[in-house]
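K.L.:
There's a structure below that I have some questions on.
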Amino acid sequence: MNRVFKTIVIDDEPAARRLMKNLLLDHSDLVEVIAEAGNGGDAIEKIETLLPDLIFLDIQMPDMTGFEVIEKLQHKPNIIFTTAYEQYAIQAFDTFSIDYLLKPIREERLQQSIQKLRQFGKLGQGIDMTGLQQIIRELKSPARATALPVKTGDRINLLKFENISYLEAQDKYVYIHTVDGQKHLTDQSLTLLEEKLLNNFSGCKNLYHQ
309 MNRVFKTIVI
319 DDEPAARRLM
329 KNLLLDHSDL
339 VEVIAEAGNG
349 GDAIEKIETL
359 LPDLIFLDIQ
369 MPDMTGFEVI
379 EKLQHKPNII
389 FTTAYEQYAI
399 QAFDTFSIDY
409 LLKPIREERL
419 QQSIQKLRQF
429 GKLGQGIDMT
439 GLQQIIRELK
449 SPARATALPV
459 KTGDRINLLK
469 FENISYLEAQ
479 DKYVYIHTVD
489 GQKHLTDQSL
499 TLLEEKLLNN
509 FSGCKNLYHQ
């Protein structure tokens, strides 16, 4: 028998909670919604009381952000973030390989998250919240970004643009070489890295491809 994940849907918009619960009915063999919450405080109380296996967590809520909710939790469930289209957050999620759903939620995208849960049995546990929020602040800043977030294993390094010498492509990976002689492996595409560098730092003119 498949494991059924006890689930709490957390969103300050009642319509968004209803939509999510309706969509999850098609996945009742894996997901059982046991509660819902409309703000961060209520979410924390229900998570600590009901000990769900999975939460769908909205990032922006009136009393606190979804990130602040996670920081206050003792119980650490699986997490799928939901968010309106905020590019800075999406870039951070992609950097950390965190699962997320963009609003309005689409059935086919939810299906992908459910499939990951079905396949791996966990999502979004052990998130480095300090590193995640640091990168979001960097990306969200109205000033031009000054550093490139690069994931290496479980760590996130912020490489200052002026310290990057050149990029070296090998197969599907890219090495970022820095002026101190180090190189950092990333699975971000060469095209994406070039775009970030050229848009944010005029000193990066001579990027090397292989």
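The numbering used here puts the sequence shown at residues 309 to 518.
The beta-carbon is built from N, C-alpha and C at its ideal position, and this holds for glycine as well.
#1: Exposed or buried, what is Asn386 when buried is set at 16 or more other beta-carbons lying within 10 Å of its beta-carbon?
#2: Taking C-beta to C-beta, are Asp366 and Ile318 nearer than 8 Å?
#3: Note down the Cα distance separating Arg414 from Thr499, rounded to an integer number of angstroms.
#4: Threshold first: 4 residues or longer. Then list the alpha helix (DSSP H) segments lying entirely within the segment 322-362, N to C.
#5: Would a C-beta distance cut-off of 8 Å place Phe313 and Asp361 closer than the cut-off?
#6: Beta strand (DSSP E) containing Ser257: first to last residue?
#7: If you drop the 5 nearest sequence neighbours on each side, which residues of the same chain put their C-beta closer than 7 Å to that of Asn310?
#8: In or out: Pro412 buried (at least 16 other Cβ within 10 Å) or exposed?
#9: Beta carbon of Glu356, beta carbon of His335: below 8 Å?
P.N.:
In brief:
#1: Counting the other CB atoms within 10 Å of its CB gives Asn386 a total of 16 or more, which places it among the buried residues.
#2: Against a cut-off of 8 Å, the Cβ pair of Ile318 and Asp366 comes out as a contact.
#3: Taking the straight line joining both Cα atoms gives about 28 Å.
#4: The segment 322-362 contains these whole alpha helix (DSSP H) runs: 322-332, 348-358.
#5: Yes; because the gap between Cβ atoms is below 8 Å, this pair is in contact.
#6: Lying before the first or after the last residue shown, residue 257 is absent from the chain, which here runs from 309 to 518.
#7: Excluding its 5 nearest sequence neighbours in each direction, Asn310 has C-beta neighbours in its own chain below 7 Å: Asp337, Leu338, listed in chain order.
#8: Sixteen is the threshold: since fewer than 16 other Cβ atoms of the shown chains lie within 10 Å of the Cβ of Pro412, the residue is exposed.
#9: In this structure, Glu356 lies away from His335, with their beta-carbon atoms at least 8 Å apart.
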